[in-house]
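A.B. asks: Let me begin by handing over the structure; questions about it come next.
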Amino acid sequence: MGGLGSGRVARPVGERFWEKVKYHERGCWEWTASSHFFNGEITESPRRFAWRDSKGPIPERAQVRPMCRNARCVRPAHLYLTEPREVEPKEPEPPKPEPVLDAQGRPPVDATLPGRRMTRLRTPT
Ligand SMILES: [Zn+2]
20 MGGLGSGRVA
30 RPVGERFWEK
40 VKYHERGCWE
50 WTASSHFFNG
60 EITESPRRFA
70 WRDSKGPIPE
80 RAQVRPMCRN
90 ARCVRPAHLY
100 LTEPREVEPK
110 EPEPPKPEPV
120 LDAQGRPPVD
130 ATLPGRRMTR
140 LRTPT
C-alpha cells in the first residue's frame, strides 16, 4: 500500500500492441485491430510498429513489407524492409535516322543481290 502511484498506470505501448495480435501456429501473427495503430506519438501501420518494437528503427523512406504476403501479418520474422528505388525518368531516345550512306559515303549495298554474294564468297589469293 504505497499510495504514491495513481490508480491508473499507463501500460507499455508494446503490451497494448501485441495483445491485439493473433498468433497462428502455422506461422503468421495477424494483426486483429484497426489498420492503424496509435503508438502514443503517431499513428502508423501495425507492421511498422511491429518492426520497430522488435528490430529497431526503420530507415527513412524504407517500407516494411510482409514476405509471407499476408497483409495483416506483423510477425517480425516475416517482415522485411524495402527501400524505394531511385527511379529517374528516362527520356525516350530519338529514333535513329535511316542510314543513307555507308562509312565510305556510298549508298548501302543490298546483300541479297546474287552478283554481290558471288564476289563475297571468292577468297582472294
Ligand atoms: Zn506472416
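The numbering used here puts the last residue of the sequence shown at 144; the count rises by one with no breaks.
Using N, Cα and C, we set each Cβ at its ideal position, and we do this for glycine too.
Nothing here was measured: the structure is a model prediction, and the numbers come from that model.
What does the alpha-carbon distance come out to for the pair V28 and R71?
C.D. replies: Approximately 23 Å between the Cα atoms of the pair.
A.B. asks: Which partner residues of W48 appear in the DSSP bridge assignment?
C.D. replies: Y42, per the DSSP bridge assignment.
A.B. asks: Measuring straight from C-alpha to C-alpha, what distance separates Q123 and K115?
C.D. replies: Taking the straight line from one Cα to the other gives about 19 Å.
A.B. asks: Does at least one heavy atom of ligand 1 sit under 7 Å from the Cβ of P76?
C.D. replies: Outside the cutoff, so no.
A.B. asks: Identify every residue that forms a DSSP beta bridge with P85.
C.D. replies: L98, per the DSSP bridge assignment.
A.B. asks: Please classify E34: does DSSP put it in a helix, a strand, or coil?
C.D. replies: Looking at E34 - three-state DSSP - the assignment turns out to be helix.
A.B. asks: If you reduce the DSSP assignment to three classes, tell me which class P126 lands in.
C.D. replies: P126: coil per DSSP, three-state reduction.
A.B. asks: Give the range of the alpha helix (DSSP H) segment to which R67 is assigned.
C.D. replies: Where R67 is concerned, the enclosing alpha helix (DSSP H) stretches over P65 to S73.
A.B. asks: To the nearest angstrom, how far is it from the Cα of A81 to the Cα of E112?
C.D. replies: Answer to the nearest angstrom: the Cα atoms are 32 Å apart.
A.B. asks: Considering Cα atoms alone, identify which of A96, E63 and E110 is closest to G46.
C.D. replies: Nearest C-alpha to G46: A96.
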